[in-house]
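In the UniProt record's numbering, the protein residues as written are 1 to 612.
Here a beta-carbon is modelled for each residue, glycine too, at the ideal position from N, C-alpha and C.
Quantities reported herein were computed from a predicted structural model and do not represent experimental measurements.
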């Protein structure tokens with residue numbers, strides 16, 4: 001076998017070796033999170049995706065449980081489950097504590113005896129007489145012919161899911177007896193039978209507080225919530241069809257923003273109120289006819305297109321009273337004088353406030369929209385990478401596509417982070433409305449922007465690595481026809497590390513925003529001093545104001561500490577980033593290769609992070 005064939009084997013042998021090699025690397029490499037596995041508790045899975053074929057099994061499981069505990073027929077179990085939103089525990093509680101009331105509300109009347117001595121009955125709808133054996137009734141024994149029943153059932157099924165609570169059509173039925181499912185299925189057409197079965201499945205999802213349909217296009221999966229949630233609490237879910245949405249409000253997944261905030265934000269983005277704000281901020285009414293006028297040139301001399309009234313844009317006075325003495329065509333000292341005196345009219349104040357409000361809204365909306373568009377592009381790029389790039393890279397590197405899943409994982413993380421990041425702007429818009437008036441709110445805003453900026457920078461590094469470095473790997477390999485395995489391994493290691501670090505940044509951001517600002521300040525105490533690591537308030541040296549001799553002594557002491565620090569790093573062979581905890585093996589590099597944070601100095605660095 002040639003050397004080339006030794007290096008690039010194919011088939012199962014190559015795949016087994018590759019898998020063993022990568023598994024060994026994954027075991028050895030912790031990507032800067034050593035010990036995380038032992039410390040992190042295993043989270044409870046919050047939801048489960050149920051394909052359409054599994055829904056009926058789950059529905060029947062709930063039915064069987066209620067039938068067994070209540071000792072009732074399937075039809076009765078279904079009706080009582082629907083009444084109590086498929087909550088089995090509540091069904092048992094209500095059934096045994098309010099037995100008569102529950103039965104009455106569901107139309108579960110006692111079975112009346114069959115009329116004796118009569119072989120025929122009159123249909124109460126068409127009033128024709130039929131043999132008793134050809135007629136049907138509910139438990140109340142109000143008889144109707146089969147044809148009238150078919151029409152009644154078909155009409156009910158055409159009206160929607162309310163047919164699941166079908167009652168006796170007789171006006172004389174005081175108990176409003178329910179029509180059993182067996183009767184409906186016996187007399188309904190095959191098409192109506194299929195409708196009825198579909199409505200029962202829909203009821204299990206739509207009447208069930210623990211279930212929801214996936215909002216993805218043409219997706220028939222359902223999501224089952226497996227945790228207890230407070231009323232109105234958001235829960236982001238990802239379906240197997242890749243659709244993401246909030247289990248509670250059915251809008252796009254939006255952590256860390258509450259469902260109420262999402263509703264307000266989306267309403268604001270599409271509301272006419274913003275159009276009115278723009279008109280108020282950028283136009284003025286004609287002083288004579290009140291028609292809104294937009295100023296599109298520099299001159300202050302305005303002429304209303306409707307009434308032809310000429311006026312000054314600034315003070316809105318008659319232009320006849322203006323001239324060189326009032327400042328000319330491009331100024332108005334009448335307005336400036338009034339402004340200095342504080343003689344703003346109410347309309348001017350409203351206009352200034354509207355302009356400030358509009359500018360603030362546009363600041364957040366433009367960034368929200370930019371990340372929304374970036375997310376859509378990332379989704380397209382992710383699909384392209386999954387279809388084209390992985391196959392090409394697998395062919396070039398002679399690596400099984402199963403071992404290239406880290407590229408898909410990176411792109412999926414980018415898409416998810418773009419979504420989370422865009423919603424932080426909606427969060428910021430409502431959370432810091434009083435930042436210009438309330439110092440505490442302003443401090444919280446600064447802290448929020450610090451965390452948001454950290455997460456954003458981490459995401460940009462990951463996005464660049466997944467996009468540009470992946471293309472560089474393919475281009476580098478294709479130019480000379482050879483494959484640099486060391487370069488590819490470094491790319492793989494770096495991309496996996498960036499994916500993990502970015503996921504950590506965003507998970508921390510979302511969780512801390514949900515916990516509140518007091519908790520965030522405690523968790524991140526001191527990290528805002530340099531935007532990267534812990535506060536250096538404990539650095540060598542004292543506060544300013546000491547003597548020059550003491551200052552020289554401190555400087556000498558600090559220099560010695562820095563020399564000792566460099567020597568320690570050289571002996572150790574790496575330095576640990578205080579932000580993402582990655583071990584950087586090149587001690588001369590001044591910034592972390594994963595998150596970009598600056599290398600820490602000799603102070604403010606916990607000794608426990610060193611390993612000799």
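Segment contact: the segment 96-113 against the segment 168-184, three or more CB-CB distances shorter than 8 Å; contact assigned. A Cβ-Cβ contact shorter than 8 Å links residue 121 with residue 143. As a beta-bridge residue in DSSP terms, residue 224 pairs with 48 and 211.
Per the coordinates, the alpha-carbon of residue 151 lies some 32 Å from the alpha-carbon of residue 54. Counting only the Cα atoms, residue 444 lies some 23 Å from residue 353. 196 is the residue among 196, 127 and 133 whose C-alpha sits nearest the C-alpha of residue 158. Per DSSP, the unbroken beta strand (DSSP E) holding residue 302 starts and ends at 301-303. Secondary structure note for residue 93: its alpha helix (DSSP H) is the uninterrupted segment 88-97.
Looking at the DSSP output, residue 285 bridges to 292. Taking all protein chains in view, the Cβ of residue 490 is surrounded by fewer than 16 other Cβ atoms within 10 Å, so the residue is classified as exposed. Only buried fits residue 414, as 16 or more other CB atoms lie within 10 angstroms of its CB. Residue 308 and residue 355 have their C-alpha atoms roughly 27 Å apart.
Across the structure, residue 101 and residue 501 are spaced so that their CA atoms are roughly 58 Å apart. In the assembly as shown, residue 397 is a buried residue. Its beta-carbon has 16 or more other beta-carbons within 10 Å. Here residue 310 is exposed. Its C-beta has fewer than 16 other C-beta atoms within 10 Å. By the beta-carbon neighbour count (other beta carbons within 10 angstroms, threshold 16), residue 57 is exposed. In chain order, 422, 425 and 426 place their CB closer than 7 Å to the CB of residue 368, counting only its own chain and leaving out the 5 sequence neighbours on each side. In the three-state reduction of the DSSP assignment, residue 236 falls in the strand class, which pools E and B. Taking C-beta atoms as the reference points, residue 214 and residue 241 count as a pair closer than 8 Å.
The beta carbon of residue 145 sits closer than 6 Å to those of 123, 130 and 135, all from its chain and outside the five residues before and after it, given in chain order.
In the DSSP annotation of this structure, the continuous segment of the alpha helix (DSSP H) that includes residue 492 starts and ends at 485-515. Looking at the DSSP output, residue 583 sits in a beta bridge with 576. Residue pairing by DSSP leaves residue 263 without any beta bridge partner. No Cβ-Cβ contact shorter than 8 Å links residue 253 with residue 228. When the beta-carbon positions are compared, residue 465 and residue 513 stay at least 8 Å from each other.
When 52, 494, 90 and 592 are compared, the shortest CA-CA separation from residue 69 is found for 90. Taking C-alpha positions only, residue 363 is separated from residue 435 by approximately 15 Å. Rounded to the nearest whole angstrom, the CA to CA distance from residue 460 to residue 600 is 23 Å. For residue 405 and residue 382, the gap between their C-alpha atoms comes out near 12 Å. A Cβ-Cβ contact shorter than 8 Å links residue 284 with residue 316. For the pair residue 596 and residue 506, the Cα-to-Cα distance works out to about 16 Å. Non-local beta-carbon contacts of residue 193 in its own chain, meaning distances under 7 Å to residues more than five positions away in sequence, involve 185 in chain order. The beta-carbon distance between residue 219 and residue 243, rounded to whole angstroms, is 6 Å. This is short enough to meet the 8 Å contact definition. C-alpha of residue 165 to C-alpha of residue 139: approximately 15 Å in a straight line. Note on geometry: alpha-carbon atoms of residue 133 and residue 187 lie some 14 Å from one another.
When the beta-carbon positions are compared, residue 223 and residue 246 stay at least 8 Å from each other.
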